[in-house]
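Encoded as structure tokens, the structure appears first; notes follow it.
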Amino acid sequence: MNDHNFFASAPQGLLELLADELRALGATAIRLQPAGVYFRGPLVIGYRACLWSRLAGRVLLEIGTGPARDADELYTTVQKIDWRQHMSARGTLAVDFTGANAGIVHTRFGAQRVKDAIVDQFNAKAGIRPDVAVRRPDVRVGVHLRKPTGHGIKGMFQETPHDEAVISIDLAGEGLHRRGYREEGVEAPIKENLAAGMLMRAGWPALAAAGAPLVDPMCGSGTLLIEAAHIACDRAPGLGREYFGLLGWRGHQPALWTELLTEARARAAIGIHKVPPIFGYDGEAAAVKAAIANAARAGLGGRIRVERRELAELVAPETGPSGHVGEATGLVATNPPYGERLGVRADMPALYELLGERLRDHFGGWKAVILAPDLELGHAIGLRAERRHVLYNGAIPVNLLRFEIPREAPPPRKHTRSEGGEALFNRLRKNRKQLGSWAARHGIEAYRIYDSDIPEYAVAVDLYRDWALVQEYAAPAEIDPVRAAARLREALRVIPDALQIPAAQVVCKRRERAKGGGQYGRRDDAGEMLEVREGPGRFLVNLTDYLDTGLFLDHRDTRALVGQVARGKRFLNLFAYTGTASVYAGKGGALSTTTVDLSSTYCAWARRNLELNGLRGPQHRVVEAECREFMARELRRYGAIFLDPPTFSNSKKMEGVLDVQRDHVELIRAAVRLLERDGVLIFSTNYRRFRLDREQLADLEIEDLSATTIPKDFARSPKIHKCYRITARR
Numbered sequence: 001m002n003d004h005n006f007f008a009s010a011p012q013g014l015l016e017l018l019a020d021e022l023r024a025l026g027a028t029a030i031r032l033q034p035a036g037v038y039f040r041g042p043l044v045i046g047y048r049a050c051l052w053s054r055l056a057g058r059v060l061l062e063i064g065t066g067p068a069r070d071a072d073e074l075y076t077t078v079q080k081i082d083w084r085q086h087m088s089a090r091g092t093l094a095v096d097f098t099g100a101n102a103g104i105v106h107t108r109f110g111a112q113r114v115k116d117a118i119v120d121q122f123n124a125k126a127g128i129r130p131d132v133a134v135r136r137p138d139v140r141v142g143v144h145l146r147k148p149t150g151h152g153i154k155g156m157f158q159e160t161p162h163d164e165a166v167i168s169i170d171l172a173g174e175g176l177h178r179r180g181y182r183e184e185g186v187e188a189p190i191k192e193n194l195a196a197g198m199l200m201r202a203g204w205p206a207l208a209a210a211g212a213p214l215v216d217p218m219c220g221s222g223t224l225l226i227e228a229a230h231i232a233c234d235r236a237p238g239l240g241r242e243y244f245g246l247l248g249w250r251g252h253q254p255a256l257w258t259e260l261l262t263e264a265r266a267r268a269a270i271g272i273h274k275v276p277p278i279f280g281y282d283g284e285a286a287a288v289k290a291a292i293a294n295a296a297r298a299g300l301g302g303r304i305r306v307e308r309r310e311l312a313e314l315v316a317p318e319t320g321p322s323g324h325v326g327e328a329t330g331l332v333a334t335n336p337p338y339g340e341r342l343g344v345r346a347d348m349p350a351l352y353e354l355l356g357e358r359l360r361d362h363f364g365g366w367k368a369v370i371l372a373p374d375l376e377l378g379h380a381i382g383l384r385a386e387r388r389h390v391l392y393n394g395a396i397p398v399n400l401l402r403f404e405i406p407r408e409a410p411p412p413r414k415h416t417r418s419e420g421g422e423a424l425f426n427r428l429r430k431n432r433k434q435l436g437s438w439a440a441r442h443g444i445e446a447y448r449i450y451d452s453d454i455p456e457y458a459v460a461v462d463l464y465r466d467w468a469l470v471q472e473y474a475a476p477a478e479i480d481p482v483r484a485a486a487r488l489r490e491a492l493r494v495i496p497d498a499l500q501i502p503a504a505q506v507v508c509k510r511r512e513r514a515k516g517g518g519q520y521g522r523r524d525d526a527g528e529m530l531e532v533r534e535g536p537g538r539f540l541v542n543l544t545d546y547l548d549t550g551l552f553l554d555h556r557d558t559r560a561l562v563g564q565v566a567r568g569k570r571f572l573n574l575f576a577y578t579g580t581a582s583v584y585a586g587k588g589g590a591l592s593t594t595t596v597d598l599s600s601t602y603c604a605w606a607r608r609n610l611e612l613n614g615l616r617g618p619q620h621r622v623v624e625a626e627c628r629e630f631m632a633r634e635l636r637r638y639g640a641i642f643l644d645p646p647t648f649s650n651s652k653k654m655e656g657v658l659d660v661q662r663d664h665v666e667l668i669r670a671a672v673r674l675l676e677r678d679g680v681l682i683f684s685t686n687y688r689r690f691r692l693d694r695e696q697l698a699d700l701e702i703e704d705l706s707a708t709t710i711p712k713d714f715a716r717s718p719k720i721h722k723c724y725r726i727t728a729r730r
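Residue numbers 1 to 730, in full-length UniProt numbering, belong to the letters of the sequence shown in order.
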């Protein structure tokens, strides 16, 4: 049999493991490259790599090489290959291109020239051409620019331009991490091949062969559990895949592939009875449901035990004949949440500390392998890592930490605060004492307690009853991000201690401009509401799902002003958000309230706020509409109007964009047209650089109320909003 040149890609940090894996499959001439592993062997070795590699992303079969100093030379090189040997003229095609040189500076351009060369050849010879199919084509062609050489991998080390094209057939066709057991369209927090690499680094194959148990205390959708079971039962990771690029390739040898599949099925049938005890826990019911479903699709129904359990309840499972582990050791393998989701980051230090505590107290003698996004969180575990590896989960660098958990639990760690952390602790305690009594006197359950009082800790802290919302201000570019992250971590350890609330009731968000939309963009979908009291009203807030909570705390005095102005009048609330100003107007004695917002979500939220405060009936209407369109067609007149537009919005539900600085004159005039003879407009904006165009509004009476509407808890931020009382001149 003829040997071929192959290339298998893999995430950084797994290349040595991939080389060992390919060697075990029978590959020869193995050499590591920056993005994967070069190897040689007959076609069956490439097939085996597709079916059996747990670590590879793609497997490429080299079919030709040639000069490619520019696009024309690349075109000529590609055309020298007889493409009728590889695909049908009526088939589908995709091209992946990597590398660049002076003549081909863009990979998309390179891919286009390769595609042109292939289809032009078919057109010239048959008068028909293949179609392009990005997803699951019959044949996927890979082209890579490398330094020219006649000696394979050695050319990668020569100081010459990348002027040689290596043309390959992608036998995998799509990422081999797609095993086929995950529900279509559902993204995993960790790719399957990275999960397998994590387990191999931890020595799981030997542990599994000895019957050792495995526990993932934060299993999510079950990727680590399934990969662990497949390793233990000798199931080929590609056995559940329906699609491989090799299946549509004209050089494909079906009999050889069928033989490999038959062998793999037989090995899996024997090995399924060798799966050791594997346990997965997660605090989210949806994650548990997904993990169970994925395990069933992976052929592991009933072989993996998954249940809902909080991390604080984690103990070593009962696995022995008597129901106890005894002196047996096992492996704890987990990929804790990275804290990228809004509303989760504040729990990260406490989460890792709790994980370490449960491991020390209940898993003495076990091994553990944990992914941590940074070493500071890894340090929070409180165990000394015996080994550390840097891996990449997609584009995210992560630290794989391996531990030997002592059999005798060490004494609990004492956390000491830095000098800055101590200052932050004292400031929070002082502010809580001073503002807490003021808030209690005024019936306020949601207020700001800290706003970058100490510049090194650039966060704002708002209390919502016994919950704290921490808003991290994005650090300037000149600030070291590692140092900024360390200060945030320390702040998140200090805040619950200083405020005497559980760490799980501290939510952290980053304050920065939302991308591609308005200021209220959705960030999560937990859907949990908390009721808070403010003066005469009660409001529902959501601390996790959106950038803002549903209650602008700095508008507290503005809402009180609205309640006074609206007494005995018909009230209109424009860009109403969650309708909090309408509640103040209604509680203040308004004859009626009309609440207008473009978002169906916020209109529903406003209705709930109105109902929560007993404001029901047709006199309290909520209108889902674009406010400018509403004002243009509205025939009613109002005695009081509150106009609080977003700084910027390009919602898909409206035409064009809204810019408060550019459009405020138009908005104010449209609102004034809806006022009754003695009506009052309260105009507010949180755009800090806002400048009211008094010249364009010279015919109106305008009173700047900005200074008088800044609440006591926002005294450190006097420019947080602008507020004006506007009436028509008599």
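Glycine is no exception: its CB is placed at the ideal position from the N, C-alpha and C atoms.
The Cβ atoms of residue 55 and residue 25 do not sit closer than 8 Å to each other.
DSSP places residue 383 in no alpha helix (DSSP H); its state is neither H nor E. In this structure, the straight-line span from the alpha carbon of residue 638 to that of residue 488 is close to 47 Å. Counting along the chain, the unbroken alpha helix (DSSP H) around residue 254 starts and ends at 254–271.
Per DSSP, residue 601 is one residue of the alpha helix (DSSP H) stretching across 600–612. Listed in chain order, the beta strand (DSSP E) elements of length 3 or more contained wholly in the stretch 7–72 are 28–33, 36–41 and 59–67. Secondary structure note for residue 627: its alpha helix (DSSP H) is the uninterrupted segment 627–633. Considering only 675, 674 and 647, the residue with the shortest C-alpha distance to residue 663 is 647. By DSSP's assignment, residue 165 forms a beta bridge with 66 and 145.
Per DSSP, reduced to three states, the secondary structure at residue 138 is coil, with no helix or strand assignment.
Counting only the Cα atoms, residue 232 lies some 22 Å from residue 11. Beyond the five residues adjoining it in sequence on each side, residue 62 comes within less than 8 Å, by CB distance, of 4, 5, 6, 7, 166, 167 and 168 in the same chain, given in chain order. Listed as beta-bridge partners of residue 507 by DSSP are 469.
Contact between the stretch 367–380 and the stretch 395–403 is present: 3 or more CB-CB pairs across the two stretches fall below 8 Å. Setting aside the 5 residues that flank it on each side, residue 234 is surrounded in the same chain by 267 and 271, each with a C-beta closer than 6 Å to its C-beta; the list follows chain order.
Put simply, the backbone Cα of residue 147 is about 10 Å away from that of residue 67. For residue 639, the enclosing beta strand (DSSP E) covers residues 638–643. Residue 425: member of the alpha helix (DSSP H) spanning 419–441, first to last residue. Residue 725 is bridged by DSSP to 682 and 703. Minimum Cα-Cα distance from residue 279 among the listed residues 226, 257, 244 and 116 corresponds to 226. With respect to the C-alpha of residue 298, the residue from 230, 283 and 265 having the closest C-alpha is 230. Under the three-state reduction of DSSP, residue 621 is assigned to strand. Contact between the stretch 82–101 and the stretch 198–206 is absent: fewer than 3 CB-CB pairs across the two stretches fall below 8 Å.
Taking C-alpha positions only, residue 626 is separated from residue 598 by approximately 5 Å. Between residue 609 and residue 578 a beta carbon distance of about 6 Å is seen, short of the 8 Å cut, so the two are scored as contacting. The beta carbon of residue 392 lies closer than 6 Å to those of 11 and 12 in the same chain, with the five residues before and after it left out. Judged by DSSP secondary structure, residue 250 falls outside any alpha helix (DSSP H); it is assigned neither H nor E. Within its own chain, the residues whose Cβ lies closer than 8 Å to the Cβ of residue 505, once the five positions on either side in sequence are excluded, are 466, 467, 468 and 496, listed in chain order. Pairwise C-beta distances place the stretch 300–307 out of contact with the stretch 255–266, as fewer than three of them are shorter than 8 Å. Nearest to residue 273 by alpha-carbon distance, out of 27, 671, 590 and 211, is 211.
One thing to note: residue 699 has its Cβ no nearer than 8 Å to the Cβ of residue 724. Burial is judged here by how many other beta carbons sit within 10 angstroms of a residue's own beta carbon; residue 182 has at least 16 and is buried.
Across the structure, residue 315 and residue 352 are spaced so that their CA atoms are roughly 16 Å apart.
The beta carbons of residue 729 and residue 701 sit closer together than 8 Å.
Secondary structure note for residue 281: its beta strand (DSSP E) is the uninterrupted segment 278–282.
Beta-carbon to beta-carbon, residue 562 and residue 549 are separated by about 19 Å, too far to satisfy the 8 Å threshold.
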